[in-house]
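Participant: Just so you know, the sequences run in chain order A and B. In terms of this note's numbering, the first sequence opens at residue 42 and continues consecutively. In terms of this note's numbering, the second sequence opens at residue 79 and continues consecutively. Backbone N, C-alpha and C fix where the C-beta goes; we use that ideal spot for every residue, glycine too. Here you go, one structure.
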Amino acid sequence: MNERVARLRKMSFESEPSISAERALLVTEFYKENHGKYSLPVLRALNFKNLCEKKTIYIGENELIVGERGPFPKAVSTFPELTCHSIEDFKILDSRDMTRYGVSDDAIEIYKQTIIPYWQGRTMRDRVFNNVPAEWKSAYEVGMFTEFMEQRAPGHTTLDGIIYNKGMLDFKAEIAEALAKLDYLRDPQASDKAEELTAMDICCDAAIIFAERHADLAEKMAEKETNPERKEELKRIVANCRRVPAHAPGDFWEALQMYWFVHLGTITELNGWDAMNPGHLDQHLYPFYERGLVDETLDREKAKELIACLWVKFNNHPAPPKVGVTAKESGTYNDFTNINIGGLKRDGSDGVNDVSYMMLEVIDEMHLLQPGTNVQISHKTPRRFLKAACRVIRKGYGYPSVFNTDEVVMEQVRAGKTLEDAREGGCSGCIETGAFGKEAYILTGYLNIPKILELVLSNGMDQMSGRKVGLETGDPCGFQNFDELYDAFVKQLNYIVDLKIKANNTIERMYAAYAPAPFLSVVIADCIANGKDYYNGGPRYNTNYIQCCGIGTVTDSLSAIKKHVFEDKVLTMEQLLKALKTNFKNEEALRLRLFNKTPFYGNDDDYADAIMQRVYASLVEAIDGKPNTKGSQYHLNMLSTTCHVYFGKVLGASANGRFAGTPISDGTSPSHGADRYGPTAVIKSLGKMDQSKSGGTLLNQRFLPSVVEDEDGIEKLAHLIRSYFKLNGHHIQFNIVDSKTLRKAQATPNEYRDLLVRVAGYSDYFVDLDQHHQEEIIARTEHDSF
Amino acid sequence: MTSGVIFDIKKFAIHDGPGIRTTVFFKGCPLACWWCHNPEGLTIAEQHIHHPERCIGCGECVQHCPQNAIELSDKGCLWDNESCIRCKTCVQTCPSEAHEFIGQTVTAGEVVDKIKKDIVFYDESRGGVTFSGGEPLMQVEFLLELLDACVQLDIHRTVDTTGYADAELLLSVAARTDLFLYDLKHLDAEKHRNYTGVSNKKILDNLKLIAQHGAKVNIRIPIIPGFNADDENINHTGEFISSLSGVRDVSLLPYHNAAKSKYSRLGVHCFPSEIQIPSKKEVHDIAERLEGFDLQVKIGG
């Protein structure tokens, strides 16, 4: 890392996130003046243009890539047209200990005087909650599922390589062509399309204006600059901003600036989930890199410096905070951009290049919170690339995460995408699969699967609130065998899924009608040709995902009931229900029996894994292929992000011995403490899930640094990954843990049963070691970290 | 089908030979090394252990024990070795896994089924199975049957041995083994007998024998200060190994006291408290000395 990058990194790392009311004020003033004068798409486009014309432009010292969404780094814009923060929200955000956002008195005053009075009752959030059925609301309130669109706009968008070949002027020409082709005689939607296309055209102009304003500022700064070196840099920034995004980038530096302007455009236009994502950035940059080396306008050092400068830009943009926050809740600054490195090219050849390796170095040197990164590993990926990635993973940052490209391609082809588009696709957000640059793949919300079983066990009643939120599937004590119980579970599952989908379809129409995204639509394939918005079925592909949480918890709970109640008959349903209701009060022996004497998912045990397969098949059956409103379908994802903690909080005790209120299993990982035979057994269990039928799964694994401290360990980590991928695993990520975690492991060993440690000449589970030796290892680890 | 007594099957074993492996630990050993880090492998007899930190005092085991061999006290369960008939009812009934029996009699088929589960990992990492212990050659018929089954399955086979076995039997094991992890503890017969209970003559002769027969051998030397870490013994060891044909790989296993708690749980007298853990420098010096004999030396398993 050179001095410039070190300074930028430090500045970004140390800046405190704050709330900027600038965007909210500009938007409110614009809406007051213009709402009702234009069609919605044109209104949104003019609103975007107004922002591009008026927002404060910032160019920082040392910067090579320029542009901020807010008036300065880490000043976070708000989106009152989607969700409007209350004064109470701001007070909490300003005062809470974790993930704090500073809020100035000025910002609060602006909200009090102008923003809140205008938007109250008019936000997308208000529309959502005013238009969903009562049954949906009660299920939502008790935590059966979450709804993504009550906080942010649909997103998870990732770009392909189009913006490196076309500038806004090229897109304008395409838009003009599409407008000219409209058939007002035969196409009943022609005038709607004309409005949308006009809106897109305005957005192209807006993006150019935004860049020109940066050029103007840089020009002024260059005139005053006394340092000749910086003066030259500023002049170069002027030239870059005059060229992109109007035109396609001509070199490496311009290519990065091009991406960044498009990124800023999309995150200024709306607050889509997971910000924006460059996708296969290494592949996009490589032709510019190669050309720069040949014509000697670039060297490796310079290229790496520019990439690092982009990294800083991502980190300068903490996620806009949620509304309706509580003091206890912490949230995250991470806005989930997840850059894909490696993978395959469109023609099926290996996508790894020199820039891929360079990016691994940047990840290692920068280790900032953002951007997130992953490596895409196909059967063609060189072994040395996977090992280079493992060496970064070893550092314990938790990234890059590792994806199986072959599986990611298979999932997409199964979902109806072409092989080429699938290869150009990848993963964004956490693990979500999509055809980059050609697809709106919308996450609609998390589904609390263990809670569906809870409804079955209480005949449709929510345990904690006592409210009836599900179907009455019958008195659980009346089930004669496991299959009767399971049938009730499937009925309940279908009821809840359909409830969610119905509401989602309504919400989807609201976004299409009230919050179109014409700028985003410009850069996503086929929106221009179709004359349709990104939120209205414009893209080539339009998938909706429902993210299923807690497969581990529900499998283990069903396994426990099957074995102890129906097969061994050592426990009656009445006894079990009573114990669950009282959260195992005075029933510790029963709880431990359920926890220790039940076959659990994650141990390569067919008894439990067969139940997992059955539940998974029911989830696929309930969700996969159901129509959305855009001529496409719902698919499932096996992802919880951090929602397994919330879903656990609203869930009573479960039959696998889990206490009420504690987290359910995360992603596709086994329940906490359930897997007792190491990573190979976990991987074998996961391998039994037909993951190709999902849009992504998530597996967390934890290792101590000593397991991978030498090259032999790196080699074995790579083998473990490859073995999982042979079994069609979608994703795996590693925590290489520190002594803080080991201390927690000592305090709550059941939560850490899968934690492997290198003892001496062999590895063992940390919690199986005696106190004396645990202490010894903690001391050693701390010593190693000096 | 042959049965044998094992005390553990460890998956994702990454220090017992090449690649990702499954290690099967045989119970019973002809040696009794002072520093033994797998004391549960010393005797072939099944041993009961109690984990008081897991016991919740529910009394289930007391209630179900057919021999009335368990008593509930304020310190948890008290178990009587004399009256116990090893029926393991306590293990089955205890909800908190506070009762455990070290050692189980299993058929070769059962073990092979477990080994087979991780074939995908062996294939990917060029790993396989390792038979360790205890001393796997103590139950040689069982071992041979397992080796034959793994030959059939084309699974790489490693045998971790003390070398203290009948020469003929060792050769028949060698015919089915891809790699030996062969322990050399001391070159002096008398010292060896004092610290391990047996002379090293058979061990050294056997090593020469299998080397002559072309077996692939990785020598493992536990580094035990005060016993075998002195220059004289290391020099003798180096000379001896370099005289063997085709044997060049040596792993040094520095003594550690991780097994201390195992001793107390098993109720076995613990020698290791008297042994020092070697310093990194000591181990490096030994490695360097051995490299002087044209050997490939690795620290750790």
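Would you mind telling me which residues of chain B sit closer than 9 Å to A:A722, beta carbon to beta carbon, in chain order?
Facilitator: If you number the first sequence from 1, residue 722 of chain A lands on position 681. Chain B residues near A:A722: K89, F90, K195, D196.
Participant: Note down, in chain order, every chain A residue with its Cβ under 8 Å from the Cβ of B:I98.
Facilitator: One-based indexing of the second sequence puts residue 98 of chain B at position 20. Here the neighbours are T721, K757, H760, L761, S764.
Participant: Distance cutoff 8 Å, beta carbons only. Does A:K610 sit that close to anything in chain B?
Facilitator: Within the first sequence, the letter at position 569 stands for residue 610 of chain A. Chain B has no Cβ within less than 8 Å of the Cβ of A:K610.
Participant: Apart from the five residues on each side of it in sequence, which residues of its chain come closer than 6 Å, Cβ to Cβ, to A:E816?
Facilitator: On the first sequence, position 775 is the one that residue 816 of chain A refers to. Closer than 6 Å at the Cβ level, and outside the excluded window around A:E816, lies no residue.
Participant: Return helix, strand or coil for B:W112, following the three-state DSSP convention.
Facilitator: Residue numbering aside, residue 112 of chain B sits at position 34 when the second sequence is read from its first letter. Correct three-state label for B:W112: coil.
Participant: Going by beta-carbon coordinates alone, are A:L635 and A:A715 separated by less than 8 Å?
Facilitator: Taking the first residue of the first sequence as position 1, residue 635 of chain A is located at position 594. Taking the first residue of the first sequence as position 1, residue 715 of chain A is located at position 674. Against a cut-off of 8 Å, the Cβ pair of A:A715 and A:L635 comes out as no contact.
Participant: Just to confirm before moving on: does the CB-CB distance between A:D462 and A:S419 stay below 8 Å?
Facilitator: If you number the first sequence from 1, residue 462 of chain A lands on position 421. If you number the first sequence from 1, residue 419 of chain A lands on position 378. For A:D462 and A:S419, no; Cβs fall outside 8 Å.
Participant: DSSP has A:P668 in a bridge; who is on the other side?
Facilitator: One-based indexing of the first sequence puts residue 668 of chain A at position 627. DSSP, once it has assigned bridges, lists A:Q674 as partnering A:P668.
Participant: Going along the chain, which residues of its own chain have a beta-carbon closer than 6 Å to the beta-carbon of A:M502, five neighbours each way excluded?
Facilitator: Walking along the first sequence from the start, residue 502 of chain A turns up at place 461. Cβ neighbours of A:M502 beyond the five flanking positions: K509.
Participant: If you run the structure through DSSP and keep just helix, strand and coil, what is A:V510?
Facilitator: In the first sequence, counting from the first residue as 1, residue 510 of chain A sits at position 469. Residue state, collapsed to three classes: coil.
Participant: In terms of alpha-carbon separation, which member of A:R581, A:P491, A:G737, A:A601 lies closest to A:V686?
Facilitator: For the purposes of this step, residue 686 of chain A is taken as residue 645 along the first sequence, with counting starting at 1. Among A:R581, A:P491, A:G737, A:A601, the Cα nearest to that of A:V686 is on A:P491.
Participant: Using the Cβ count rule (16 or more neighbours within 10 Å means buried), how would you classify A:N381?
Facilitator: For this step, residue 381 of chain A is matched to residue 340 along the first sequence. Counting Cβ neighbours within 10 Å, A:N381 comes out buried, since at least 16 surround it.
Participant: What is the DSSP secondary structure of B:Y200, counted as helix, strand or coil?
Facilitator: Your numbering for residue 200 of chain B matches position 122 in the second sequence. Helix, per DSSP.
Participant: Could you check whether the Cβ of A:K428 sits closer than 8 Å to any Cβ belonging to chain B?
Facilitator: Translated into the one-based positions of the first sequence, residue 428 of chain A becomes position 387. Cβ-Cβ to chain B under 8 Å: no for A:K428.
Participant: Beta-carbon of B:P173 versus every beta-carbon of chain A: anything under 8 Å?
Facilitator: As a first step, residue 173 of chain B is located in the second sequence; it is residue number 95 there, counting from the start. Yes, B:P173 lies at the interface with chain A (some Cβ there is under 8 Å from its Cβ).
Participant: Going by C-alpha distance, which of A:E295, A:K436, A:N769, A:K532 is nearest A:S735?
Facilitator: As a working note, residue 735 of chain A is residue 694 in the first sequence. Just measuring C-alpha positions, the residue of A:E295, A:K436, A:N769, A:K532 sitting nearest A:S735 is A:N769.
Participant: Does any C-beta atom of chain B lie closer than 8 Å to the C-beta of A:G802?
Facilitator: Mapped onto the first sequence, residue 802 of chain A falls at position 761. Only weak support is given to the placement of A:G802: the predicted model assigns it a pLDDT of 34, under 50, and the value that follows is read from those uncertain coordinates. Cβ-Cβ to chain B under 8 Å: yes for A:G802.
Participant: In the DSSP assignment, the alpha helix (DSSP H) including A:W160 goes from what residue to what residue?
Facilitator: Mapped onto the first sequence, residue 160 of chain A falls at position 119. Here the alpha helix (DSSP H) through A:W160 covers 157-160.
Participant: Looking at B:P332 and B:I301, is the spacing between their C-beta atoms short of 8 Å?
Facilitator: Walking along the second sequence from the start, residue 301 of chain B turns up at place 223. Walking along the second sequence from the start, residue 332 of chain B turns up at place 254. Yes, Cβ-Cβ distance for B:I301 and B:P332 is below 8 Å.
Participant: Between which two residues does the beta strand (DSSP E) harbouring A:C125 extend?
Facilitator: Working through the first sequence from its first residue, we reach residue 125 of chain A at position 84. Bounds of any beta strand (DSSP E) do not take in A:C125, whose DSSP letter is neither H nor E.
Participant: At a CB-CB cut-off below 9 Å, which residues of chain C make contact with B:C136?
Facilitator: In the displayed structure, chain C is absent; the protein chains listed are A and B.
Participant: Do B:C136 and B:C168 count as a contact pair if the criterion is CB distance below 8 Å?
Facilitator: Along the second sequence, read from residue 1 onward, the residue named residue 168 of chain B stands at position 90. Along the second sequence, read from residue 1 onward, the residue named residue 136 of chain B stands at position 58. Not closer than 8 Å, so no.
Participant: Looking only at its own chain, which residues have a Cβ that is under 7 Å from the Cβ of A:S598, when we skip the five neighbours before and after it?
Facilitator: On the first sequence, position 557 is the one that residue 598 of chain A refers to. Within the same chain, A:S598 has close Cβ partners P491, L494, S695, A696, N697.
Participant: Can you give me the Cβ contacts of A:R655 inside the same chain, cut-off strictly under 8 Å, excluding the 5 residues immediately before and after it?
Facilitator: Locating residue 655 of chain A in the first sequence gives position 614, where the first residue counts as 1. The answer, listed in chain order, is Y527.
Participant: Buried or exposed for A:L49, going by 16 or more other Cβ atoms inside 10 Å?
Facilitator: What you label residue 49 of chain A is simply residue 8 of the first sequence in a count that begins at 1. Buried, because 16 or more other Cβ atoms sit within 10 Å of the Cβ of A:L49.
Participant: Give me the chain A residues within the contact set of B:F220, using Cβ-Cβ distance strictly less than 9 Å, ordered along the chain.
Facilitator: Position 142 of the second sequence, counting from 1, holds the residue named residue 220 of chain B. Near B:F220 there are no residues of chain A at all, since even the closest Cβ is about 22 Å away, more than 9 Å.
Participant: Quick check on this structure: which residue in A:V117, A:Y675, A:L84, A:K690 has the alpha carbon closest to the alpha carbon of A:V538?
Facilitator: Position 497 of the first sequence, counted from the first residue, corresponds to residue 538 of chain A. Checking every option, the nearest Cα to that of A:V538 belongs to A:Y675.
Participant: At which residues does the alpha helix (DSSP H) containing A:I151 begin and terminate?
Facilitator: Translated into positions along the first sequence, residue 151 of chain A becomes position 110. Element bounds for A:I151: 146-151.
Participant: Would you list the residues sitting across from A:C590 in a DSSP beta bridge?
Facilitator: Residue 590 of chain A sits at position 549 when you count from the first residue of the first sequence. In the DSSP output, where bridge partners are listed per residue, A:C590 has A:N489.
Participant: What's the call for A:S506, buried or exposed, on a 16-neighbour Cβ count within 10 Å?
Facilitator: As a position in the first sequence, residue 506 of chain A is number 465, starting the count at 1. Exposed, by the Cβ-count rule.
Participant: Identify the residues that DSSP records as bridge partners of B:K88: which are they?
Facilitator: Position 10 of the second sequence, counted from the start, is the residue given in the question as residue 88 of chain B. BP columns for B:K88 point to B:T101.
Participant: At a CB-CB cut-off below 8 Å, which residues of chain B make contact with A:D731?
Facilitator: Counting from one through the first sequence, the residue named residue 731 of chain A turns up at place 690. None at all; the shortest Cβ gap to chain B is about 17 Å.
Participant: Is there at least one Cβ from chain A nearer than 8 Å to B:F305's Cβ?
Facilitator: For the purposes of this step, residue 305 of chain B is taken as residue 227 along the second sequence, with counting starting at 1. Cβ-Cβ to chain A under 8 Å: no for B:F305.
Participant: Say whether chain B places a C-beta atom closer than 8 Å to the C-beta of A:K767.
Facilitator: Against the first sequence, residue 767 of chain A aligns to sequence position 726. Judged by the 8 Å Cβ criterion, A:K767 is in contact with chain B.
Participant: Alpha carbons only, please: which of A:L385, A:P441, A:S397, A:E406 is nearest the one belonging to A:T378?
Facilitator: Counting from one through the first sequence, the residue named residue 378 of chain A turns up at place 337. Checking every option, the nearest Cα to that of A:T378 belongs to A:P441.
Participant: Starting from B:H129, trace the alpha helix (DSSP H) both ways and give me its first and last residue.
Facilitator: Counting from one through the second sequence, the residue named residue 129 of chain B turns up at place 51. No alpha helix (DSSP H) holds B:H129; DSSP gives it neither H nor E.
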